[in-house]
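Accompanying notes for the structure given below.
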Amino acid sequence: MDTLDQTLTPHTNSELDLTAVDEIVARHQNERGALIPVLQAVQSHYGYIPPEAAARVAEGLKVYPSKIYGVMTFYTQFYLKPKGKNRVMVCCGTACHVKGSDRVTRRVLDEIKLSDGEDTTEDRFFTIEQVACIGACSIAPVVVVNDKVHGKMTPDKTMRELRKISEAADE
Ligand code: FES
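Structural data, given as structure tokens:
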């Protein structure tokens, strides 16, 4: 079995309810360029694009699974695995890099224990991502926590933000 089959073959969760996918596909059925809006809607429903859903989209829109896989892996907006409840993006663009974003990343990765090659904690509480410039270079280094932009971040300030989130969840 090749990578494509492994990615799109519905073998991981045969119980997944695909009704939403069918509805989304039906809404966009005769549109040109429907694939990206359909994948966005599917992701918005499940929080990522499960392989079963991708296979159903391929079937519904009558496009090759290889095309779907190509689109999902080309655009960084699409997630092939579930993300954590809290998303932390550390900017690693040039300005942030010069101002020490590496130290922030290292500290976060040291403290938030992630399995090898994973960006999301096992309990799916945090997802840590390194992203390209988000256009806020004047306040570098920048960390985005759940869509809130934090500027002039240090490793300590970043960890304080993450602890606040953990503590709020414990209350
Ligand atoms: S390089 Fe980080 S915001 Fe521009």
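Under numbering that gives the first Met the number 0, the first residue of the sequence shown is numbered 0, with each subsequent residue one higher.
Quick reminder that beta carbons are idealized off the backbone N, C-alpha and C, glycines included.
> So is the beta-carbon of Gly32 under 6 angstroms away from any non-hydrogen atom of the ligand COA?
Replying inline: Of the ligands one can find in the structure shown, namely the ligand FES, none is the ligand COA.
>> Using only the alpha-carbon positions, how far apart do Lys80 and Thr126 sit?
In response: 11 angstroms
> Among Gly69, Arg159 and Val97, which has the Cα closest to the Cα of Ile111?
Replying inline: Arg159
> With C-beta atoms as the reference, is Gly150 less than 7 angstroms away from Val141?
Replying inline: yes
>> Can you tell me whether Glu22 is helix, strand or coil according to DSSP?
In response: helix
>> So, with DSSP's three-state summary, where would you put Met158?
In response: helix
>> Can you tell me where the alpha helix (DSSP H) holding Thr104 begins and where it ends?
In response: Ser100 to Glu110
>> Given this structure, state the Cα-to-Cα distance separating Thr119 from Leu108, to the nearest angstrom.
In response: 11 angstroms
>> By the three-class DSSP mapping on this structure, what secondary structure does Lys147 have?
In response: strand
> Under a three-way DSSP split, which group does Met71 fall into?
Replying inline: helix
>> Shorter than 6 angstroms, the distance from the beta carbon of Val37 to the closest heavy atom of the ligand FES, or not?
In response: no
> Secondary structure at Thr119, three-state DSSP: helix, strand or coil?
Replying inline: strand
> Would the C-beta of Ile127 count as close to the ligand FES, meaning under 6 angstroms from any of its heavy atoms?
Replying inline: no
>> With a threshold of 6 angstroms on Cβ separation, who are the neighbours of Arg106 within its own chain once the five nearest residues in sequence on each side are excluded?
In response: Pro154
>> On the criterion of 16 or more Cβ atoms from any shown chain inside 10 Å, does Ser100 qualify as buried, or is it exposed?
In response: buried
> Given Lys66, which residues of its chain have a CB within under 6 angstroms of its CB, disregarding the five upstream and five downstream residues?
Replying inline: none
>> If I follow the unbroken alpha helix (DSSP H) through Ile35, where does it start and stop?
In response: Leu34 to Tyr45
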